[in-house]
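Following: one structure in structure tokens, then a few remarks.
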Amino acid sequence: MESLIIAAIKEKKVLSFTYSGHTRIVEPHVYGINEGARQLLGYQIRGSSSSGTIPEWRRFKISAMRNLQILNEFFPGRRNYPSSKPSHWDQMILVVE
Numbered sequence: 250m251e252s253l254i255i256a257a258i259k260e261k262k263v264l265s266f267t268y269s270g271h272t273r274i275v276e277p278h279v280y281g282i283n284e285g286a287r288q289l290l291g292y293q294i295r296g297s298s299s300s301g302t303i304p305e306w307r308r309f310k311i312s313a314m315r316n317l318q319i320l321n322e323f324f325p326g327r328r329n330y331p332s333s334k335p336s337h338w339d340q341m342i343l344v345v346e
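Take any residue in the sequence shown, note its place counting from 1, add 249, and you have its number in the working numbering.
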């Protein structure tokens with residue numbers, strides 16, 4: 250799963266996966282570790298969510314992601330974060346350019 254996330258970030262390709270019973274279509278921006286858990290910060294552009302509207306920034310625990318696929322859909326690159334910088338990370342492994 251890690252190799253797919255890294256490839257999607259490097260190639261600026263959209264990811265599809267199931268998380269908390271919802272299909273998520275996400276532009277992956279930051280892959281890292283926070284509070285000991287590997288996580289993905291992404292901008293969800295389609296799909297569904299029980300916690301808010303779409304599009305929206307969301308963090309996803311890698312261990313809870315299912316059916317991960319790289320779509321044949323590109324995104325232009327880094328979006329502006331609401332606070333102009335990514336939220337806290339213990340370690341950033343990869344950030345989209």
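A virtual CB, placed ideally from N, CA and C, is assigned to each residue, including glycine.
Spanning the alpha carbons of residue 268 and residue 309 requires a straight line of approximately 8 Å. The three-state secondary structure of residue 312, taken from DSSP, is helix. Per DSSP, residue 255 lies in no beta strand (DSSP E); the unbroken alpha helix (DSSP H) holding it starts and ends at 251-260. Inter-segment contact for the region 280-291 and the region 317-326 is absent: fewer than three beta-carbon pairs are separated by less than 8 Å. Shown here for residue 286: same chain residues with a beta carbon closer than 6 Å to its own, the five before and five after excluded, namely 310 in chain order.
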